[in-house]
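Worksheet for the structure shown next.
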Amino acid sequence: MNNRALGRLLGWMLGAAAILIVGLHGAQAQPPQLPADLHWQTNDSDPIFADPAAQRGGRFRSFMQSFPPTLRLVGPDANSGFVSYLRQNNLALVNMHPDTLNPIPELATHWAFDPDGKTVYFKLDPEARWSDGVPVTADDYLFTLEFMRSKYIVAPWYNNYYTEIITGVVKYDDHTIAVREASAKPPNELLFDVAISPTPRHFHKLDEHWVEDYNWRIEPNTGPYAIDSIRKGKYVEFKRKADWWGNDKKYFRYRFNPDYIRIKVIRDLNIAYNYFSKGELDSFPLVMPRLWYQKAQGSPYEHGYIGKIKFYNDVPQPVLGMFLNEDDPILADRNVRYALAHAMNFDKVLTTVLRGDYERKQTQNEGYGDYTNRTIRARPFDLQKADEYLNKAGWTRRGPDGIRVKDGQRLSLRISYSSDDHTPRLVVLKEEARKAGIELNLQLLDATAAYKQVMEKKHQIAWMGWQGGGIAPTYWEFYHSVNAHKPQTNNITNTDNKAMDEKIIAYRDATDKATRVRLAHELEQMVFDDGAYIPSYKIPYTREGFWRWLKMPPQHATRSSDLVFDPMGATGGLFWIDEEEKSRVQKARITGESFEPINIVDERWRVRP
Amino acid sequence: MIMFGLRVNPVTRRRWSRFRSLRRGYWSALLLGALIALSLVAELLINNRALIVHYQDHWYFPTYADVMPGTTFGQDYAYETDYKALRRQFAAEGGGNWVLMPPIPYSPFETDLRADQFPPLPPSLEGRHLLGTDTTGRDILARLVYGFRTAIGFSLLLLVLEYGIGVGIGCLMGFWGGGFDLGFQRIIEVWSNIPTLYVIMIVASIVPPGFWTLLLIMAAFGWTSMTWYMRTATYKEKARDYVMAARAIGAGGGRIVLRHILPNTVSTVVTFIPFSIAAGIAALSALDYLGFGLPPPTPSWGELLKQGTDNLESLWIVSSVVVAMTLVLTLVTFIGEAIREAFDPKVQIHYE
Numbered sequence: 028m029n030n031r032a033l034g035r036l037l038g039w040m041l042g043a044a045a046i047l048i049v050g051l052h053g054a055q056a057q058p059p060q061l062p063a064d065l066h067w068q069t070n071d072s073d074p075i076f077a078d079p080a081a082q083r084g085g086r087f088r089s090f091m092q093s094f095p096p097t098l099r100l101v102g103p104d105a106n107s108g109f110v111s112y113l114r115q116n117n118l119a120l121v122n123m124h125p126d127t128l129n130p131i132p133e134l135a136t137h138w139a140f141d142p143d144g145k146t147v148y149f150k151l152d153p154e155a156r157w158s159d160g161v162p163v164t165a166d167d168y169l170f171t172l173e174f175m176r177s178k179y180i181v182a183p184w185y186n187n188y189y190t191e192i193i194t195g196v197v198k199y200d201d202h203t204i205a206v207r208e209a210s211a212k213p214p215n216e217l218l219f220d221v222a223i224s225p226t227p228r229h230f231h232k233l234d235e236h237w238v239e240d241y242n243w244r245i246e247p248n249t250g251p252y253a254i255d256s257i258r259k260g261k262y263v264e265f266k267r268k269a270d271w272w273g274n275d276k277k278y279f280r281y282r283f284n285p286d287y288i289r290i291k292v293i294r295d296l297n298i299a300y301n302y303f304s305k306g307e308l309d310s311f312p313l314v315m316p317r318l319w320y321q322k323a324q325g326s327p328y329e330h331g332y333i334g335k336i337k338f339y340n341d342v343p344q345p346v347l348g349m350f351l352n353e354d355d356p357i358l359a360d361r362n363v364r365y366a367l368a369h370a371m372n373f374d375k376v377l378t379t380v381l382r383g384d385y386e387r388k389q390t391q392n393e394g395y396g397d398y399t400n401r402t403i404r405a406r407p408f409d410l411q412k413a414d415e416y417l418n419k420a421g422w423t424r425r426g427p428d429g430i431r432v433k434d435g436q437r438l439s440l441r442i443s444y445s446s447d448d449h450t451p452r453l454v455v456l457k458e459e460a461r462k463a464g465i466e467l468n469l470q471l472l473d474a475t476a477a478y479k480q481v482m483e484k485k486h487q488i489a490w491m492g493w494q495g496g497g498i499a500p501t502y503w504e505f506y507h508s509v510n511a512h513k514p515q516t517n518n519i520t521n522t523d524n525k526a527m528d529e530k531i532i533a534y535r536d537a538t539d540k541a542t543r544v545r546l547a548h549e550l551e552q553m554v555f556d557d558g559a560y561i562p563s564y565k566i567p568y569t570r571e572g573f574w575r576w577l578k579m580p581p582q583h584a585t586r587s588s589d590l591v592f593d594p595m596g597a598t599g600g601l602f603w604i605d606e607e608e609k610s611r612v613q614k615a616r617i618t619g620e621s622f623e624p625i626n627i628v629d630e631r632w633r634v635r636p
Numbered sequence: 078m079i080m081f082g083l084r085v086n087p088v089t090r091r092r093w094s095r096f097r098s099l100r101r102g103y104w105s106a107l108l109l110g111a112l113i114a115l116s117l118v119a120e121l122l123i124n125n126r127a128l129i130v131h132y133q134d135h136w137y138f139p140t141y142a143d144v145m146p147g148t149t150f151g152q153d154y155a156y157e158t159d160y161k162a163l164r165r166q167f168a169a170e171g172g173g174n175w176v177l178m179p180p181i182p183y184s185p186f187e188t189d190l191r192a193d194q195f196p197p198l199p200p201s202l203e204g205r206h207l208l209g210t211d212t213t214g215r216d217i218l219a220r221l222v223y224g225f226r227t228a229i230g231f232s233l234l235l236l237v238l239e240y241g242i243g244v245g246i247g248c249l250m251g252f253w254g255g256g257f258d259l260g261f262q263r264i265i266e267v268w269s270n271i272p273t274l275y276v277i278m279i280v281a282s283i284v285p286p287g288f289w290t291l292l293l294i295m296a297a298f299g300w301t302s303m304t305w306y307m308r309t310a311t312y313k314e315k316a317r318d319y320v321m322a323a324r325a326i327g328a329g330g331g332r333i334v335l336r337h338i339l340p341n342t343v344s345t346v347v348t349f350i351p352f353s354i355a356a357g358i359a360a361l362s363a364l365d366y367l368g369f370g371l372p373p374p375t376p377s378w379g380e381l382l383k384q385g386t387d388n389l390e391s392l393w394i395v396s397s398v399v400v401a402m403t404l405v406l407t408l409v410t411f412i413g414e415a416i417r418e419a420f421d422p423k424v425q426i427h428y429e
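Chains as they are written, first to last, in the numbering used here: chain A, 28 to 636; chain B, 78 to 429.
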């Protein structure tokens, strides 16, 4: 959970450095005229994923490990973990159906594609309202562009994104707009890219004081929940909007059921777990084996007061693993990189300290449907092969401590990481790598220092992850040579390969899906051949503990759910609180009465290798 | 009287015999000394390297030697020999080959992971994990002992550095007095207000500290308290008649400080030593606990304590480190009390 949040945070921050500079086509001067022959599309035929039996009401209690430094969505310090609650209530024009992955209406009811492959037209839902009752109109989308481009928000990433990628918003009337992107893309990718969120024009006053003035102001939003009360340093409470405009929309019905969502600050994970086991929190993420096997045991589980669910999902997997810096003199040799991959005993890590719970990741991009190259298999632990490659690279002799030496230099590599929870995993890898004559020095840094080191490309091996996402994998920011050998870009392996550059550009420019899929497969193979990324593991599921009074739809969650008991967001809001059950359970806790224990394993969306 | 080959004066002799008569402190000192001595040869007691290997009529002593690859003993791998497996193999084969392992056949870095059990493993005699294993499957006893060696070594070195600087500067402040004294007082007042822990945290967030950097940082901020005692003691001694007498017969400043004043002020210093050692151990453990100490996987008490409090279900982790820490700190405190009493001037001086 933490790792994911961090990955997402890093992803956002790093994205800033990875934006292509494209020629800017500003808004045209002629009066906007909607093209006549547009083919309007919508989607009201996909199945709903909520449960009509859901009951509204109650208070859902969750936690966060630190209090947010601001309530702004953008600007300094806005990238804390808390911001996702705000973003989830800041709806977009369209969203993705979490099971079918088709587009579904959100703030727009219909959309149409322009033949240029860069522009999408939207018909806005006239019923959409801000929290304060003001209707959402085309002007709020125009304002998004103005707002995100403003230097007053002190958000360079957004400034850049809404200038270089989202190049224009055109208003045709109050409820019809077009959004344009810089380069042509296949329709589905384009649609989700340009599905921006509106910004309430009537709320913001953009000037040099905006950052301070709006730090603690509650911005009107379009989603089901709005912040109701705050105690600084203690909690933030959201309240369900009783007359929310989306209540009866097909894909919003029966969702977002609790009346209140209270997010309490609990700074220590172990203490938070104690709160949960005492019934002070309703659900708790148990992905880490330590929590699932050691903590989540005993009487409340045996009595059936607390249930456990393991839910397999099918989403783009975060890119976890080791990133080798090719600018390092030792790692510049491809043979050393291959040898290192063969010296990493991930199987042992997976079957022992991770208790066989995680799965070996095979290649960088997994979970992207057709785009995933399923033929690639990660290099296995094989001392014979490691030995061959190291001999080929000239590391033939072993020193008195069993570590290989070449020209007086020891084969000693530094691995930088930032989570103490990962130390046991790395300790096992270190001990096993010694067998190949490689010394790994563990360098545990705090998150900011690790991020800084990697961004300045001063690492040798970075143990980290990138949050996956989108429809298709991206390669340009990670492997194109324009991003190599310089700080603050995502090419942290400093990969510099002309053949790969050409293919990356071809992939970016291709607009039909078949070509893109073929190029993605070829690129993935090149990433493998380069050997600068050593895949570690993936977690194709979420595991949570929950009190018996939380009820779920029969299908529990969706294909895209990161979290089963997610109160908000595109995949969330499916569960509800059964107040009668709650009082029964509370009574039973006093009398000692038992229920049937709950142990759910849902493999409906499990991807078998 | 000659003690430890040194000529000692009667006062010291009296102090020593008084210290010996304080049974609790004396036995604590012996016990702690024994523990330190044992930890210095920990490789012979707790190690995954064999003590002796007898293979094809050759004798091998791997403990303090270079890594012996498996090929040395007819194995098919080039990495360090797995002596536990070798021992089982030799025992099964019979013949003249044999391996003698230390009583605890695990190193503090070795992960003992089994396919059917997940770490941490509870204490067991059978698996030779007398105190169980930690969350990575490493032997807790091994990590405790090697961690103790690191902690006590760190603490003693820290003591030498801090006292070296503190006593030197304090003594000079007292002896020279005047502007030097005034100037240094102000410097020390400012310096001692810098919070050491934050400095270490800041440094640790930029470069991960090693043993020596940590030692130097802590010494750089820890020497100040000693100066006040030394300054006062030196002022007092300087005014005594014997110093005047030494000066009268033409002794130089250096000689007076080193031969006359220092030996007479040393009792002040000695009484602080045990408490400084305890403080050093506690400080290092605290830093390790917070994650700003020695880099992983260095065996350390603070790191074990952190694991223990994070995994309270595995009670053997936290209990072994807490017991060990309490034991050592209690011993040190007992010694400290005894030294303080032995050096108490009220017992030594008779007013007439």
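From the three backbone atoms N, C-alpha and C, an ideal C-beta is built for every residue, glycine too.
- Secondary structure of methionine 402 of chain B (DSSP, three-state): helix.
- The residue among B:Leu238, B:Thr158 and B:Ala106 with its C-alpha nearest the C-alpha of asparagine 124 of chain B is B:Thr158.
- DSSP places glycine 254 of chain B outside both helix and strand once states are collapsed to three, so it counts as coil.
- In the DSSP assignment, no residue is bridged to tyrosine 179 of chain A.
- Of all residues in the stretch 295-322 of chain A, only Leu296, Asn297, Pro316, Arg317, Tyr320, Gln321 and Lys322 place a beta-carbon less than 9 Å from a beta-carbon of chain B.
- Going by C-alpha positions, aspartate 341 of chain A is about 45 Å away from arginine 425 of chain A.
- Burial is judged here by how many other beta carbons sit within 10 angstroms of a residue's own beta carbon; glutamate 607 of chain A has fewer than 16 and is exposed.
- Counting of Cβ neighbours within 10 angstroms places glutamate 504 of chain A among the buried residues, the total reaching 16 or more.
- In this structure, the alpha-carbon of leucine 208 of chain B lies about 15 Å from that of serine 377 of chain B.
- Any Cβ of chain B closer than 8 Å to the Cβ of lysine 462 of chain A would place that residue at the interface, and such an atom is present.
- In the displayed model, methionine 123 of chain A falls within a strand according to three-state DSSP.
- When DSSP assignments are scanned along the stretch 331-377 of chain A, the uninterrupted stretches of alpha helix (DSSP H) that are 4 or more residues long and fall wholly within it turn out to be 361-370.
- Closest option to proline 285 of chain A, judged by alpha-carbon separation, among A:Gly600, A:His231 and A:Gln613: A:Gly600.
- Judged by DSSP in its simplified three-state form, isoleucine 519 of chain A adopts coil rather than helix or strand.
- Lysine 291 of chain A places its beta carbon 8 Å or farther from that of glycine 572 of chain A.
- Using beta-carbon distances, valine 121 of chain A does not count as an interface residue toward chain B, since no partner is under 8 Å.
- By the 16-neighbour rule on beta-carbons within 10 angstroms, arginine 100 of chain B is exposed.
- Interface annotation, glycine 421 of chain A: not in contact with chain B, CB-CB separation never under 8 Å.
- Straight-line spacing of the CA atoms in leucine 408 of chain B and alanine 228 of chain B works out to 15 Å.
- Ranked by Cα distance from valine 398 of chain B, the first of B:Ile412, B:Ser201, B:Leu381 and B:Glu390 is B:Leu381.
- From the beta-carbon of arginine 545 of chain A, no residue of chain B is found nearer than 8 Å; the closest lies around 41 Å away.
- By the Cβ rule, the stretch 395-413 of chain A does not count as touching the stretch 471-481 of chain A, because fewer than three pairs are nearer than 8 Å.
- The Cβ neighbour count for aspartate 593 of chain A, taken over all protein chains shown within 10 Å, is at least 16; the residue is labelled buried.
- Sorting A:Pro183, A:Tyr168 and A:Glu173 by C-alpha distance to the C-alpha of lysine 198 of chain A places A:Tyr168 at the top.
- When DSSP states are grouped into helix, strand and coil, leucine 335 of chain B belongs to the helix group.
- Glycine 558 of chain A is a Cβ neighbour of arginine 361 of chain A, given a cutoff of 8 Å.
- For glutamate 458 of chain A, the chain B residues whose Cβ falls inside 8 Å of its Cβ are Phe186, Glu187 and Thr188, in order along the chain.
- Put simply, the CB of valine 455 of chain A is near chain B, with a gap under 8 Å to one of its CB atoms.
- Here isoleucine 75 of chain A has Lys277, Tyr278, Arg280 and Tyr281 as same chain residues with Cβ atoms under 8 Å from its own Cβ, once five neighbours each way along the sequence are excluded.
- Isoleucine 129 of chain B and tyrosine 141 of chain B have their C-alpha atoms spaced approximately 11 Å apart.
- Taken in chain order, the complete beta strand (DSSP E) segments of 3 or more residues contained in the stretch 217-260 of chain A are 252-258.
- Glutamine 436 of chain A sits exposed, since fewer than 16 C-beta atoms from the chains shown fall within 10 Å of its C-beta.
- Here the alpha carbon of proline 153 of chain A sits roughly 48 Å from the alpha carbon of proline 316 of chain A.
- If one requires a minimum length of 4 residues, the alpha helix (DSSP H) runs lying completely within the stretch 474-535 of chain A are 474-482 and 503-506, in chain order.
- With its beta carbon less than 8 Å from one in chain A, aspartate 387 of chain B belongs to the interface.
- Of all residues in the stretch 271-287 of chain B, the ones placed with a Cβ closer than 7 Å to any Cβ belonging to chain A are Ser282, Ile283 and Pro285, in chain order.
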